[in-house]
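Participant: I am attaching a structure below and will ask some questions about it afterwards.
Pasting the structure below:
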């Protein structure tokens, strides 16, 4: 899978958010055949909803496109490390792999991952794959 190519597409989504004066985060979901099945960018301010994160918007489109909430063997490319809310949604969606471009020390899921311990719905879900970070961080 060409991580750099798809991360560039996520950056293009982030530019759309930036143009709308949103936090510039973009996301792209790619299936095992390297077909883009979902894209999204932040629209939190425009839609007045904390649920309009780029990752959640991409998940929504991908599940509609595939007519299935299970996104096994799919990869999410996102410009910033997902927050705890988005990471939980990714786990529940069974995304196999996440590639993110930059750390989010304040809100990234890794900061809060200890909070997932003891939450049965999250403990039972295993993500199989690799978490890469720092891809195209200079962009």
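Residue numbers (the working numbering): 6 to 144.
The C-beta atom is built at its ideal place from N, Cα and C for all residues, glycine as well.
On the CB-based measure, 16 or more other CB atoms within 10 Å of its CB, does residue 164 come out buried or exposed?
Facilitator: Given a span of 6 to 144 for the chain in the structure shown, any question on residue 164 remains unanswerable.
Participant: Throw me the rounded Cβ distance for the residue 98 and residue 66 pair, which I believe falls under 8 Å.
Facilitator: In fact, because the Cβ distance is near 12 Å, the residues do not count as touching under 8 Å.
Participant: What is the rounded straight-line gap between the Cα of residue 136 and the Cα of residue 11?
Facilitator: In this prediction, residue 136 scores a pLDDT of 43, lower than 50, which makes its location untrustworthy; the coordinate-derived value is nonetheless stated afterwards. Computed Cα separation, rounded: 15 Å.
Participant: Going by other Cβ atoms of all chains shown within 10 Å of its Cβ, with 16 needed for buried, is residue 72 buried or exposed?
Facilitator: Counting Cβ neighbours within 10 Å, residue 72 comes out exposed, since fewer than 16 surround it.
Participant: For residue 51, which of 34, 101, 28 has the nearest alpha-carbon?
Facilitator: Nearest of 34, 101, 28 to residue 51, Cα basis: 28.
Participant: Buried or exposed: which applies to residue 38, given that a residue is buried once 16 or more other Cβ atoms fall within 10 Å of its Cβ?
Facilitator: It is exposed - the Cβ of residue 38 has fewer than 16 other Cβ atoms within 10 Å.
Participant: Taking the CB atoms as reference points, tell me whether residue 41 and residue 80 lie closer together than 7 Å.
Facilitator: No.
Participant: Could you tell me if residue 58 is buried or exposed, where buried requires 16 or more neighbouring beta carbons within 10 angstroms of its beta carbon?
Facilitator: Buried, since its Cβ has 16 or more Cβ neighbours within 10 Å.
Participant: Rounded to the nearest angstrom, what separates residue 82 and residue 92 at their Cα positions?
Facilitator: Answer to the nearest angstrom: the Cα atoms are 13 Å apart.
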